[in-house]
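Peer 1: Residue numbers (the working numbering), protein chains in the order written: chain A, 1 to 83; chain B, 1001 to 1291. Please find one structure pasted underneath; my questions will follow.
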């Protein structure tokens, strides 16, 4: 349907040449390919979810939120380092 | 190096605007969410209360109910818009008499402000003067009153949203369908593939990025719907159409509870980002990896 030639744009080629080399194969334990920012994002998401869950179900039993924070921080460290 | 610097210079105005109108207000809202703040109370000062607002929100049944109602609304509205939008896009890919006029008329709802849409639909659905209750009663003997019936109010809002936003989905999908190459379709037809097989194995995978982008836009929009609903039902009857946007509005403006309102906003933003990210991971990430 499209009549455009198949050649890529010159700007795209230049961009590609300057782009840093990336490791395409995931080697962490996460099932998806991630960079450090993705893993940081995932850690924050888990931290917030865990905190809200703790507030709702665990804190009324008498366990402090700091336990959840410490667990979330440890988990974040593992995810960022080895995810 | 020169092109990189030029790139940053060209991006600078956008980044500055984004910082002042996007990032800074967000940081401020997060800051306020950790405070108790009612500027019109006896003590108008902002008082730091740690995570108390977040502690309160997980037990707030009105908020949890509003999240449930919003999720239901988003599910029905966005799914219907996608399906109807796809069929309309396919229809517009063919030639038929009056196509140009129909396409123009079909995009008209898009240019209407949501508050106008809400007021028009309010006029159309008000018992005794509205055209919809009138004909429902005359033709089918159904009495419709969105002021007293929760299912009717909810369904009306879903239909109103579909009417308002399906054209956007149609336009995006038309753009996606037009840009598809013909070769795979011809090859599939030569190989004897049926229409259903062509749709599931060729069309849908090829337009998936456009579909996901459209769902992102609609999901984010639908999660913060306020004005149409506020105009049409005001969140009622009861709390049947009290979506999170309406809930935040009621918390922040009539109650002037800025701290707790900010907490709800942060949580809604969190839910929006997480749903979009999950959608991206499940639909596009495996595809990118394969490429």
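Idealized CB from N, CA, C, for every residue including glycine.
In its own chain, which residues sit with a C-beta less than 7 Å from the C-beta of residue 1154 (chain B), not counting the 5 before and 5 after it?
Peer 2: For the purposes of this step, residue 1154 (chain B) is identified with residue 154 of the second chain, where counting begins at 1. For residue 1154 (chain B), where only same-chain residues beyond five positions count, the Cβ hits under 7 Å are 1240 and 1241.
Peer 1: Tell me, please, whether the CB atom of residue 39 (chain A) is closer than 8 Å to any CB atom in chain B?
Peer 2: As a position in the first chain, residue 39 (chain A) is number 39, starting the count at 1. So, not an interface residue.
Peer 1: Is the beta carbon of residue 1264 (chain B) closer than 8 Å to that of residue 1057 (chain B)?
Peer 2: Taking the second chain and counting its residues from 1, one reaches residue 1057 (chain B) at position 57. Taking the second chain and counting its residues from 1, one reaches residue 1264 (chain B) at position 264. Closer than 8 Å, so yes.
Peer 1: Around the Cβ of residue 1035 (chain B), are there at least 16 other Cβ atoms within 10 angstroms (buried) or fewer (exposed)?
Peer 2: As a position in the second chain, residue 1035 (chain B) is number 35, starting the count at 1. Buried is the call here.
Peer 1: Consult DSSP for residue 1226 (chain B) and reduce its assignment to one of helix, strand or coil.
Peer 2: Residue mapping note: residue 1226 (chain B) aligns to position 226 of the second chain, counting from 1. If DSSP states are grouped into helix, strand and coil, residue 1226 (chain B) belongs with coil.
Peer 1: Please report the distance separating the alpha-carbon of residue 1152 (chain B) from that of residue 1068 (chain B).
Peer 2: Within the second chain, residue 1152 (chain B) is the residue found at index 152, counting from 1. Within the second chain, residue 1068 (chain B) is the residue found at index 68, counting from 1. In a straight line, the C-alpha of residue 1152 (chain B) is about 17 Å away from that of residue 1068 (chain B).
Peer 1: For residue 1214 (chain B), I'd like the list of residues in its chain whose CB is within less than 6 Å of its CB, leaving aside the five on either flank, ordered along the chain.
Peer 2: Taking the second chain and counting its residues from 1, the one referred to as residue 1214 (chain B) is at position 214. For residue 1214 (chain B), where only same-chain residues beyond five positions count, the Cβ hits under 6 Å are 1169 and 1172.
Peer 1: Could you tell me whether the Cβ atoms of residue 1029 (chain B) and residue 1259 (chain B) are closer together than 8 Å?
Peer 2: Counting from one through the second chain, the residue named residue 1029 (chain B) turns up at place 29. Counting from one through the second chain, the residue named residue 1259 (chain B) turns up at place 259. Not closer than 8 Å, so no.
Peer 1: Let's see if you can read the secondary structure: which residues bound the alpha helix (DSSP H) around residue 43 (chain A)?
Peer 2: Residue 43 (chain A) sits at position 43 when you count from the first residue of the first chain. Where residue 43 (chain A) is concerned, the enclosing alpha helix (DSSP H) stretches over 36-53.
Peer 1: Out of curiosity, what's the CA-to-CA distance linking residue 1059 (chain B) and residue 60 (chain A)?
Peer 2: As a working mapping, residue 1059 (chain B) is identified with position 59 in the second chain. As a working mapping, residue 60 (chain A) is identified with position 60 in the first chain. Distance between the alpha carbons of residue 1059 (chain B) and residue 60 (chain A) is about 11 Å.
Peer 1: Just to confirm my understanding: we take residue 1251 (chain B), look at its own chain, exclude 5 residues before and 5 after, and list those with CB closer than 8 Å. What are they?
Peer 2: The residue given as residue 1251 (chain B) occupies position 251 in the second chain. For residue 1251 (chain B), where only same-chain residues beyond five positions count, the Cβ hits under 8 Å are 1257, 1260, 1261 and 1264.
Peer 1: If you drop the 5 nearest sequence neighbours on each side, which residues of the same chain put their C-beta closer than 8 Å to that of residue 1219 (chain B)?
Peer 2: Along the second chain, one-based indexing puts residue 1219 (chain B) at 219. 1074, 1078, 1272, 1275, 1276 and 1279.
Peer 1: For a contact meaning CB atoms closer than 7 Å, what does residue 29 (chain A) contact in chain B?
Peer 2: For the purposes of this step, residue 29 (chain A) is taken as residue 29 along the first chain, with counting starting at 1. Those do not exist, as residue 29 (chain A) stays about 16 Å from chain B at its closest Cβ, beyond 7 Å.
Peer 1: Please report whether the beta-carbon of residue 48 (chain A) lies at a distance below 8 Å from any beta-carbon of chain B.
Peer 2: Position 48 of the first chain, counting from 1, holds the residue named residue 48 (chain A). Taking Cβ atoms only, chain B reaches closer than 8 Å to residue 48 (chain A), which makes this a yes.
Peer 1: Taking only beta-carbon atoms, is residue 55 (chain A) less than 8 Å away from chain B?
Peer 2: Here residue 55 (chain A) refers to the residue found at position 55 of the first chain. Closer than 8 Å: yes.
Peer 1: Write down the C-beta distance between residue 1194 (chain B) and residue 1225 (chain B) rounded to the nearest angstrom, noting that I regard them as a contact closer than 8 Å.
Peer 2: Against the second chain, residue 1194 (chain B) aligns to sequence position 194. Against the second chain, residue 1225 (chain B) aligns to sequence position 225. Contact doesn't hold; Cβ gap of about 39 Å is too wide.
Peer 1: State the DSSP-derived secondary structure class of residue 1078 (chain B), mapped to helix, strand or coil.
Peer 2: The residue given as residue 1078 (chain B) occupies position 78 in the second chain. The answer is helix: DSSP assigns residue 1078 (chain B) an H, G or I state.
Peer 1: Cβ of residue 1277 (chain B) versus every heavy atom of the ligand COA: is any distance shorter than 7 Å?
Peer 2: By its list of ligands, the structure shown contains no ligand whatsoever, and the ligand COA lies outside what it can speak to.
Peer 1: What's the C-alpha gap between residue 1053 (chain B) and residue 1266 (chain B)?
Peer 2: By 1-based counting over the second chain, the position of residue 1053 (chain B) is 53. By 1-based counting over the second chain, the position of residue 1266 (chain B) is 266. Answer to the nearest angstrom: the Cα atoms are 11 Å apart.
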